[in-house]
Amino acid sequence: MNWHIQDVSDGLRIFSLIIAHIWVIAYTFEPLTVFLLHPRDAEANAPVPSEFAEGEIQPVMKNALAATFFLGAAFWAILFIAPAFANTRWPWELNAFDSRIMSAWFAGTSVWSVTMYFMKDWAEIKVGVRAVMLFLVGETVVWYIASSRFPLNNTEIASQQGLTYGIALTAVTAWYLYAYWKQEQVRK
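Last residue of the sequence shown: 479 in our numbering, with the numbers rising by one and none dropped.
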């Protein structure tokens, strides 16, 4: 992707610029449009058969999913709309293009979380919650390894923003682990 292609004809330069914009918009809004264009049908909304049901989703898990929705939507908006602002608190140098690309993950996470929030049975969302937890635990481990390799001394990953990111990431990861544990305790 190149926003400012040079040494080519004006037609190719304009075509490249148009395609770059279309690609960024499509990549970012794809998670949202899939959710909106494919509503759940009656079969998908049917109750889970009793032999597979694992109980209602507990409030602590609902709250974790709601928080993930709101955080995901906020990060999506900040990264997509105001990359320069996002760069003031991001743990590494962030350019506008990368910021908008990364925003798609937050949009997808937001949609995924709100979808799971409205489901009724733990059996319906258990695998999805495990996937979120796997990502969070992996991200926390990567942050810890990277920050221990680059101790606090103005390097990109270990800047003050990196410490804030690690603390917030650890807190969200712990919340999900706790919510999962509470959900499993009720199921048993």
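Heads up, the beta-carbon is just placed ideally off N, CA and C, and yes, glycines get one too.
Here DSSP, grouped into helix, strand and coil, assigns Glu342 to coil.
Judged by their CB atoms, Ser394 and Thr359 are not nearer to each other than the 8 Å cut-off.
By the CB criterion at 8 Å, Trp472 and Tyr456 fall outside the cutoff. Remark: C-beta atoms of Ser390 and Ala364 do not approach each other more closely than 8 Å.
Residue range 387 to 408 is occupied by the alpha helix (DSSP H) that includes Ser390. For Glu430, the enclosing alpha helix (DSSP H) has its first and last residue at 413 to 440. Under the DSSP assignment, Ala375 falls in the alpha helix (DSSP H) whose first and last residues are 374 to 378. Between Pro338 and Ala459, the alpha-carbon positions lie close to 36 Å from each other. Residue nearest to Met410 within the set Ile313, Gln349, Ala422 is Gln349 (criterion: CA-CA distance). In this model, Met352 and Asn386 are separated by some 35 Å (Cα to Cα). Exclusion of the five residues before and after Leu370 leaves Ala377, Ser390, Met393, Ser394 as the residues of its chain whose Cβ lies within less than 6 Å of its Cβ.
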